[in-house]
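Protein chains in written order, with this note's numbering: chain A, 545 to 686; chain B, 545 to 686.
All residues carry an ideal CB built from backbone N, CA and C; glycine is no exception.
2 protein chains.
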Amino acid sequence: MQQQVHFITLATADLDAARRFYRDGLGWEPLVDVPGEIVFFQVAPGTVLGLFDAEKFGRDLGGTGAPGVSGVTLSHNVGGPREVEETVALMAAAGGTVLKAPRQGEFGEVFHAHARVPNGVVWEVARHPGWLVAEDGRAVLG
Amino acid sequence: MQQQVHFITLATADLDAARRFYRDGLGWEPLVDVPGEIVFFQVAPGTVLGLFDAEKFGRDLGGTGAPGVSGVTLSHNVGGPREVEETVALMAAAGGTVLKAPRQGEFGEVFHAHARVPNGVVWEVARHPGWLVAEDGRAVLG
């Protein structure tokens, strides 16, 4: 089995609010947008983030509930503490709620912040001194 | 802000069970493995999946709980229905629980299955006829 995530799909209670956050707030460009159902954003080579109407997400999984998102964070890495602060400020201006203001993290040498964004998922914005991506796309954690 | 997810981090109640599932069951190679804390697997160019001890995940987010994972699916796409069946069988043999046996999906033209794997996240294994990745890593959803 190939070691690859192709889609990250998040149950999304308010799809219009989530679209506004990513598209209008962060300036991301949708790959596909099906109003009332799902919005896709490419977030890595070959990998797509799908914001899926929570009721339809529940049906697709064979249940009837409309779950929130918990137990997951998505991270965006930047080059330094100043960029952590700027990116979290952008997320807050776009409608996110800062859960942890930029600070030195408890694990590793990370400097980071957490924000809950309108579809309920928690984003981490981080500077990892030991993290880099090689030219071939290989991640390195040192 | 660059349109990129660098880490997908999942609260993981039983890290040893999760490691066995991905490493021994699926044959994935850890990027970094810190027993009792976190296991990282690269899952796309520049993108890493982190299985993070649930109690430490909760602390990192400033809470005290040990959340399960809900409201998210990760998808692995394959070329046809036969490969969907083979990959879900591999996941079941590795300790996953099949929630939806391979079948035509309710949304789009997808043929797919869902399995809950030992860290609690639900994986979808899917064949999307309209999905492909261009040579430059651009995802196409047709």
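Could you name the residues of chain B that residue i contacts, counting a contact when the two beta carbons are closer than 8 Å?
i	result
V616 of chain A	I552, T553, L554, A555, V613, G615, V616 and V665
G640 of chain A	None at all; the shortest Cβ gap to chain B is about 12 Å.
R682 of chain A	Q586 and P589
Grab me the residues of residue i's own chain with a C-beta within less than 7 Å of its C-beta, minus the 5 sequence neighbours each way, in chain order.
i	result
K644 of chain A	A657 and H658
V628 of chain B	V622, P646, F655, H656, A657, V669, A670 and R671
V642 of chain A	V632, A636, A657 and A659
G624 of chain A	R671
T556 of chain B	A562, L595, F596, D597, A598 and N663
A678 of chain A	V684
Q648 of chain B	F655
V665 of chain B	L554, V613, V616 and L618
Which residues in the same chain have their Cβ closer than 8 Å to the Cβ of residue i, if we skip the five residues on either side of it in sequence?
i	result
G681 of chain B	P589
H672 of chain A	N621, G652, E653, V654 and L685
P662 of chain B	D558, A561, A562, R564, F565, G639 and G640
V592 of chain A	H550, F551, I552, L575, F584, F585 and Q586
Please list the terminal residues of the continuous beta strand (DSSP E) segment that includes residue i.
i	result
R671 of chain B	V666 to R671
G678 of chain B	Reading off the sequence, residue 678 of chain B comes out as Ala, not Gly. Neither: A678 of chain B is in no beta strand (DSSP E) and is coded neither H nor E.
G554 of chain B	Before going further, note that residue 554 of chain B is Leu rather than Gly in the sequence given. Its beta strand (DSSP E) spans residues F551 to T556.
Would you mind telling me which residues of chain B sit closer than 7 Å to residue i, beta carbon to beta carbon, in chain order?
i	result
V677 of chain A	G590
Going along chain A in order, which residues have a C-beta closer than 8 Å to the C-beta of residue i?
i	result
V549 of chain B	I552, V587, A588, T591, L593, L618, S619 and H620
V576 of chain B	L685
Could you name the residues of chain A that residue i contacts, counting a contact when the two beta carbons are closer than 9 Å?
i	result
E573 of chain B	Q547
In chain order, what residues of the same chain lie with their CB nearer than 6 Å to the CB of residue i, ignoring the 5 residues before and after it?
i	result
S619 of chain B	E668 and A670
Q548 of chain A	none
G571 of chain B	none
I582 of chain B	G594 and F596
Just to confirm the assignment, what range does the alpha helix (DSSP H) spanning residue i have?
i	result
L559 of chain A	L559 to R563
In chain A, what lies closer than 7 Å to residue i by C-beta?
i	result
L570 of chain B	M545
**Study point:** Members of the segment 596-609 of chain B that neighbour chain A once the beta carbon cut-off is set at 8 Å
**Key:** Interface annotation for the segment 596-609 of chain B against chain A: A598, K600, F601, R603, D604, L605 and G606, criterion Cβ-Cβ distance under 8 Å.
Exercise for review: Pick out the complete beta strand (DSSP E) segments inside the segment 575-618 of chain A, 3 residues or longer, and give them in chain order.
Suggested key: 576-578, 582-588 and 591-597
Check your understanding: Taking the runs of the beta strand (DSSP E) that are 3 residues or longer, which of them lie wholly in the segment 615-664 of chain B?
Key -> The segment 615-664 of chain B contains, as complete beta strand (DSSP E) runs of 3+ residues, the segments 616-621, 641-648 and 655-660 (chain order).
Point to revise | chain A contacts from the segment 633-659 of chain B (Cβ-Cβ distance under 8 Å) | key: L634, L643, K644, G649, E650, F651 and H658
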